[in-house]
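*Asks:* Residue numbers (our numbering), protein chains in the order written: chain A, 3 to 224; chain B, 3 to 224.
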DNA sequence: CTCTAAAGTTTGAGTACTCAAACTCTTGAG
DNA sequence: CTCAAGAGTTTGAGTACTCAAACTTTAGAG
Ligand SMILES: [Mn+2]
Ligand SMILES: [Mn+2]
Ligand SMILES: [Mn+2]
Ligand SMILES: [Mn+2]
């Protein structure tokens, strides 16, 4: 089994590679995500390459191998199942569970994670709307678009909040901006780069485009 | 916070000190429990002493300080609450939960352990009958005596199985030897150092005195 | 009281991870 | 086409933990 540190590097690489248009991750970005210096990241990448978990040539981009991607997906599955468990079973606030899962994901055995998966009824998304990979590593990603791309008058449904910071999640929850809620764009001012959105049953709130970009809504709605 | 390694040393020391008549733990025993060499244990004890977690003079016995005992009790509380949770909520087998809790005990925050404690209704004993320290570190130990001290004809109740090995726990469970069960000593042969015990609703089984010594029963019963 | 076996210590080395700081390579703005 | 800024690398050092093996101290059997 990989160490806790290696698992964290792999999970970060999975996100970075999948976000990147080239499919490759960069060292400086990786180091920033993990909170280490770039020298530290360089030597770890070298070790991951020796273990055939990543492919990386000198001064070139980093990609996960099949083995590395599989291991990373496993960590991500544990992370998201744990978040779901902490919210649904232990009633923790969704703005705190990310940090908890960040540690627990390295301590749960397959036995425990399977039991949690069964207890929750094999959920397909976590409390933030992120898809949970299944046991075989497959992810069924619901198609979506950023709320910031919506126009005035649009009615849609929130599917995902793509920010793990407790502060943003707390703000979002206070305004009802959680996965599943019906959403109406009451106003959108391109000059002010702001939009007024209302979650069903809550008061409307002004969001900057940057903030609205962190919220994903259903793809095919008017 | 102490590292995972330090927490394991403290928990082992708590058990060793409390088992010892002098209240002091020995290095060789400690090293054996933790699966390290005695040289390794020596240097760790030196570091724990620097951190005021233990008191140990050269070539003398090791005792936990108040600070060390408190930290150790906290780990033990987490361990036993987790075992209880794994058995009651996740339906894991009681013979497997010790190893799982051994890792999880270092990854759960106070927030999570409090939520688990509440979910379980503040249990006072774990699945093996071991007492769970409360939040303040207090332990209410039920008085008991070893089953090996019982005589033929005794009827009593099992309160604790003092062995964390999966093999012994599996054997015990197969014969109904779990905390709470009514027990009858059908026969006791001092020469053979064996006794025939029956758990209510199960077939009788012959136990050597050594094995019966790992089972604790109610103190004040005939 | 002596002496040796067991308990405890020390030393030197190795792995995993980290940083700071000096360095080299690549790339795109001009 | 050039050359600096940014990306990536290397080096030297430090912390936490570990082992093997040589060593010293203690205590109890005789
Ligand atoms: Mn993590
Ligand atoms: Mn999440
Ligand atoms: Mn442990
Ligand atoms: Mn137990």
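For every residue, glycine included, the Cβ atom is placed at its ideal position computed from N, Cα and C.
Does the distance from the CB of residue 198 of chain B to the CB of residue 192 of chain B come in under 8 Å?
*Replies:* For this step, residue 198 of chain B is matched to residue 196 along the second chain. For this step, residue 192 of chain B is matched to residue 190 along the second chain. No. Outside cutoff.
*Asks:* Does the count of Cβ pairs from the stretch 140 to 150 of chain A and the stretch 83 to 91 of chain A closer than 8 Å reach three?
*Replies:* no
*Asks:* Just mark residue 210 of chain A as buried or exposed, buried being the case when its beta carbon has 16 or more other beta carbons within 10 Å.
*Replies:* Numbered from 1 along the first chain, position 208 holds the residue referred to as residue 210 of chain A. Burial call: exposed.
*Asks:* How big is the Cα-Cα spacing for residue 216 of chain B and residue 149 of chain B?
*Replies:* The residue you call residue 216 of chain B lines up with position 214 of the second chain. The residue you call residue 149 of chain B lines up with position 147 of the second chain. Our two residues, residue 216 of chain B and residue 149 of chain B, have alpha carbons roughly 8 Å apart in a direct line.
*Asks:* Among B/63, B/94, B/14, which one has its Cα closest to the Cα of residue 116 of chain A?
*Replies:* Position 114 of the first chain, counted from the first residue, corresponds to residue 116 of chain A. It is B/94.
*Asks:* Does the structure place the stretch 95 to 112 of chain A close enough to the stretch 46 to 65 of chain A that three or more beta carbon pairs sit under 8 Å?
*Replies:* no
*Asks:* Relative to ligand 3, is the shortest distance from any of its heavy atoms to the C-beta of residue 107 of chain A smaller than 7 Å?
*Replies:* To locate residue 107 of chain A, count along the first chain from 1; it is residue 105. False, no ligand heavy atom lies under 7 Å from that Cβ.
*Asks:* Quick one: grab the DSSP three-state call for residue 112 of chain B.
*Replies:* As a working note, residue 112 of chain B is residue 110 in the second chain. Correct three-state label for residue 112 of chain B: helix.
*Asks:* Counting contacts by CB-CB distance shorter than 8 Å, is residue 90 of chain A in contact with chain B?
*Replies:* Taking the first chain and counting its residues from 1, one reaches residue 90 of chain A at position 88. Not closer than 8 Å to any Cβ of chain B, the Cβ of residue 90 of chain A fails to qualify, so no.
*Asks:* Enumerated in chain order, which unbroken segments of the beta strand (DSSP E) with a length of 3 residues or greater are wholly contained in the stretch 149 to 185 of chain B?
*Replies:* Runs of beta strand (DSSP E) with 3 or more residues, each lying fully within the stretch 149 to 185 of chain B, are found at 157 to 163, listed in chain order.
*Asks:* I need the boundaries of the alpha helix (DSSP H) containing residue 27 of chain A, first residue and last residue.
*Replies:* Numbered from 1 along the first chain, position 25 holds the residue referred to as residue 27 of chain A. From DSSP, residue 27 of chain A is part of no alpha helix (DSSP H); its letter is neither H nor E.
*Asks:* State buried or exposed for residue 195 of chain A, treating a residue as buried only when at least 16 other CB atoms are found within 10 Å of its CB.
*Replies:* As a position in the first chain, residue 195 of chain A is number 193, starting the count at 1. So residue 195 of chain A ends up on the exposed side.
*Asks:* Classify residue 65 of chain A as helix, strand or coil using the three-state DSSP reduction.
*Replies:* Locating residue 65 of chain A in the first chain gives position 63, counting from the first residue. Of the three classes helix, strand and coil, the one that applies to residue 65 of chain A here is strand, per DSSP.
*Asks:* Any heavy atom of ligand 4 within a distance shorter than 7 Å of the CB on residue 128 of chain B?
*Replies:* What you label residue 128 of chain B is simply residue 126 of the second chain in a count that begins at 1. Yes; taking the cut-off as 7 Å, the Cβ of residue 128 of chain B has a heavy atom of ligand 4 nearer than that.
*Asks:* Kindly give me the distance between the Cβ atoms of residue 80 of chain B and residue 110 of chain B, rounded to whole angstroms, as I take these residues to be in contact under 8 Å.
*Replies:* In the second chain, the residue the question calls residue 80 of chain B occupies position 78. In the second chain, the residue the question calls residue 110 of chain B occupies position 108. Confirmed, Cβ separation roughly 6 Å.
*Asks:* May I ask which residues mark the beginning and end of the beta strand (DSSP E) holding residue 197 of chain A?
*Replies:* Locating residue 197 of chain A in the first chain gives position 195, where the first residue counts as 1. First-last of the beta strand (DSSP E) with residue 197 of chain A: 196 to 201.
*Asks:* Is the beta carbon of residue 128 of chain A closer than 8 Å to that of residue 82 of chain A?
*Replies:* Position 80 of the first chain, counted from the first residue, corresponds to residue 82 of chain A. Position 126 of the first chain, counted from the first residue, corresponds to residue 128 of chain A. Contact flag set, yes.
*Asks:* Hey, would you say residue 227 of chain A sits closer than 8 Å to residue 158 of chain A, going by beta carbons?
*Replies:* The shown model of chain A, from 3 to 224, leaves out residue 227 of chain A, and the question about it has no answer.
*Asks:* So for residue 89 of chain B, helix, strand or coil by DSSP?
*Replies:* The residue given as residue 89 of chain B occupies position 87 in the second chain. Looking at residue 89 of chain B - three-state DSSP - the assignment turns out to be helix.
*Asks:* Where do the ends of the alpha helix (DSSP H) carrying residue 51 of chain A lie?
*Replies:* As a position in the first chain, residue 51 of chain A is number 49, starting the count at 1. Unbroken alpha helix (DSSP H) run through residue 51 of chain A: 40 to 52.
*Asks:* Quick one: Cα of residue 60 of chain B to Cα of residue 7 of chain B, how far?
*Replies:* Residue numbering aside, residue 60 of chain B sits at position 58 when the second chain is read from its first letter. Residue numbering aside, residue 7 of chain B sits at position 5 when the second chain is read from its first letter. Looking at the two C-alpha atoms, the distance is approximately 22 Å.
*Asks:* Determine the direct distance from the alpha carbon of residue 200 of chain B to that of residue 180 of chain B, and round the result to whole angstroms.
*Replies:* Against the second chain, residue 180 of chain B aligns to sequence position 178. Against the second chain, residue 200 of chain B aligns to sequence position 198. If you take the alpha carbons of residue 180 of chain B and residue 200 of chain B, they lie about 12 Å apart.
*Asks:* For residue 221 of chain B, report the span of its beta strand (DSSP E) as first-last.
*Replies:* The count along the second chain starts at 1 and reaches residue 221 of chain B at position 219. That residue, residue 221 of chain B, is in no beta strand (DSSP E); it is neither H nor E in DSSP.
*Asks:* For chain A, is any of its Cβ atoms less than 8 Å away from the one on residue 149 of chain B?
*Replies:* Position 147 of the second chain holds residue 149 of chain B. It does not; no Cβ of chain A falls within 8 Å.
*Asks:* Tell me the rounded alpha-carbon separation between residue 15 of chain B and residue 44 of chain B.
*Replies:* Here residue 15 of chain B corresponds to residue number 13 of the second chain, with the count starting at 1. Here residue 44 of chain B corresponds to residue number 42 of the second chain, with the count starting at 1. Rounded to the nearest angstrom, the two C-alpha atoms are 13 Å apart.
*Asks:* Who are residue 189 of chain B's beta bridge partners in DSSP?
*Replies:* Locating residue 189 of chain B in the second chain gives position 187, where the first residue counts as 1. B/198.
*Asks:* Could you check the C-alpha separation between residue 5 of chain B and residue 130 of chain A for me, to the nearest Å?
*Replies:* Your numbering for residue 5 of chain B matches position 3 in the second chain. Your numbering for residue 130 of chain A matches position 128 in the first chain. Taking the straight line joining both Cα atoms gives about 30 Å.
*Asks:* Closest to residue 214 of chain B by C-alpha separation, out of B/202, B/18, B/160, would be which residue?
*Replies:* Taking the first residue of the second chain as position 1, residue 214 of chain B is located at position 212. If we check each option's Cα against that of residue 214 of chain B, B/160 comes out closest.
*Asks:* Residue 23 of chain A: buried (16+ other C-beta within 10 angstroms of its C-beta) or exposed?
*Replies:* Residue numbering aside, residue 23 of chain A sits at position 21 when the first chain is read from its first letter. Residue 23 of chain A counts as exposed, since fewer than 16 other C-beta atoms from the protein chains shown sit within 10 angstroms of its C-beta.
*Asks:* List the whole-angstrom C-beta distance separating residue 113 of chain B from residue 90 of chain B, where the pair is believed to meet the contact cut-off of C-beta under 8 Å.
*Replies:* Position 111 of the second chain holds residue 113 of chain B. Position 88 of the second chain holds residue 90 of chain B. So it is not a contact: roughly 20 Å between Cβ atoms.
*Asks:* Measuring CB to CB, does residue 92 of chain B end up less than 8 Å from residue 118 of chain A?
*Replies:* As a working note, residue 92 of chain B is residue 90 in the second chain. As a working note, residue 118 of chain A is residue 116 in the first chain. The answer is yes: Cβ separation under 8 Å.
*Asks:* For chain B, is any of its Cβ atoms less than 8 Å away from the one on residue 94 of chain A?
*Replies:* Taking the first chain and counting its residues from 1, one reaches residue 94 of chain A at position 92. Judged by the 8 Å Cβ criterion, residue 94 of chain A is in contact with chain B.
*Asks:* Give me the Cα-Cα distance between residue 97 of chain A and residue 163 of chain A, rounded to the nearest whole angstrom.
*Replies:* As a working mapping, residue 97 of chain A is identified with position 95 in the first chain. As a working mapping, residue 163 of chain A is identified with position 161 in the first chain. Computed Cα separation, rounded: 11 Å.
*Asks:* Our contact map puts residue 32 of chain A next to residue 12 of chain A with C-beta atoms below 8 Å; I'd like the distance itself, whole angstroms only.
*Replies:* For the purposes of this step, residue 32 of chain A is taken as the residue at position 30 of the first chain. For the purposes of this step, residue 12 of chain A is taken as the residue at position 10 of the first chain. Rounded, the Cβ-Cβ distance is 11 Å, inconsistent with contact.
*Asks:* Would you mind working out which of A/221, A/26, A/9 sits nearest residue 107 of chain A, comparing C-alpha positions?
*Replies:* Numbered from 1 along the first chain, position 105 holds the residue referred to as residue 107 of chain A. The shortest C-alpha separation from residue 107 of chain A is found at A/9.
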